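Here's the structure we're looking at; comments come further down.
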């Protein structure tokens, strides 16, 4: 079913919208949640929570890109669940992804308002759109979906060395881009 129709169903408060969203985006959401949580049960709970969050969010918003809207909700819920569940345990790939990015986008203490967050999000988005599609996709797979280097290599056919090199170079460029826009890191 077309995303616009699904969104319209949410606006009409038709519970079939949840079924349609689950049918269309359930696998994507499960993939995102599982990459962060590494637990089928926690991922399944997170995906189910996503449908409720979408149900509650849509009457006040009309998302432009429904897949990104649903993915972002799943990702945020999974990150909250991850934080809650892993005080002592760590999901190695998520921790490594955060550590890698930390050198160029750390400083959450600096981000004090929604306007500043939005500004930084826009700068990162602008940076990514300046990259080749190949590099942009690798960056997103690593830092949005938390794919392991091995998984990225499988999808791209690149060696681990090439993927690591591309990610390192992009992190350095992103850091310079943010600093050039006045973001203190």
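Residue numbers (this note's numbering): 109 to 293. In this text, a Cβ means the ideal position worked out from N, Cα and C, and glycines have one as well. Source: prediction; values computed, not measured.
Buried/exposed call for residue i, threshold 16 Cβ in 10 Å
{"i": "residue 248", "result": "exposed"}
{"i": "residue 267", "result": "exposed"}
{"i": "residue 113", "result": "exposed"}
{"i": "residue 168", "result": "exposed"}
{"i": "residue 158", "result": "buried"}
{"i": "residue 278", "result": "buried"}
{"i": "residue 143", "result": "buried"}
{"i": "residue 190", "result": "buried"}
{"i": "residue 109", "result": "exposed"}
{"i": "residue 218", "result": "Only weak support exists for where residue 218 lies, its pLDDT of 43 falling under 50; the coordinates are left without a value."}
{"i": "residue 129", "result": "buried"}
Limits of the unbroken alpha helix (DSSP H) element including residue i
{"i": "residue 114", "result": "111-119"}
C-beta contact flag for residue i and residue j at 8 Å
{"i": "residue 115", "j": "residue 183", "result": "no"}
{"i": "residue 133", "j": "residue 178", "result": "yes"}
{"i": "residue 250", "j": "residue 260", "result": "yes"}
{"i": "residue 165", "j": "residue 185", "result": "no"}
8 Å contact criterion, which residue i and residue j should meet: CB distance rounded
{"i": "residue 231", "j": "residue 286", "result": "6 Å"}
>> Ignoring anything shorter than 3 residues, give me the beta strand (DSSP E) runs that lie fully in the region 225-284, in order along the chain.
In response: none
>> In chain order, what are the residue ranges of uninterrupted alpha helix (DSSP H) at least 4 long that sit wholly in the region 128-152?
In response: none
>> Could you tell me which whole alpha helix (DSSP H) segments of length 4 or greater appear in the region 156-195?
In response: 174-193
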